[in-house]
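What follows is a single structure, written as structure tokens, with notes after it.
In the working numbering, the protein residues as written are 197 to 285.
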């Protein structure tokens, strides 16, 4: 069996009949098979439990969901009102 067929046979119960295995392998390459593969890929991509936030560096959330203060780009320090200088002076 090819890799796709082997992957499709993994979730089948150990008591699966030869007919059930053949039917499962016949679905390889079908629209249904491609849809299921895409759904699994999207599910894995959306799982953020082990992903690292690019803002704070912690795991469990993404930068768009980060509650920490946003990191400023290097070379652009935050300007406080007391540090502002009149542009005309």
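For glycine and all other residues, C-beta sits at the position ideal for the given N, C-alpha and C.
Note that this is a predicted model, so its numbers are computed, not measured.
*asked:* Closer than 8 Å is the cut-off here; do at least three beta carbon pairs connect the stretch 224–233 with the stretch 248–266?
replied: no
Count the other CB atoms, across all protein chains shown, that sit within 10 Å of the CB of residue 270; report buried if there are 16 or more and exposed otherwise.
Reliability fails at residue 270, whose pLDDT of 46 lies under 50, so the model's placement of it is uncertain and the value that follows must be treated cautiously. When all chains shown are included, residue 270 counts as exposed.
### Query
Roughly how many whole angstroms lie between the Cα atoms of residue 199 and residue 260?
37 Å
Residue 215 to residue 221, Cα distance in whole Å?
10 Å
**OP:** Measure the Cβ-Cβ separation of residue 217 and residue 205 and say whether it is below 7 Å.
**Re:** yes
Problem set entry | Candidates 232, 229 and 262, of which the one nearest residue 248 by Cα | 262
### Message
Helix, strand or coil, according to DSSP, for residue 255 in the structure here?
### Response
strand
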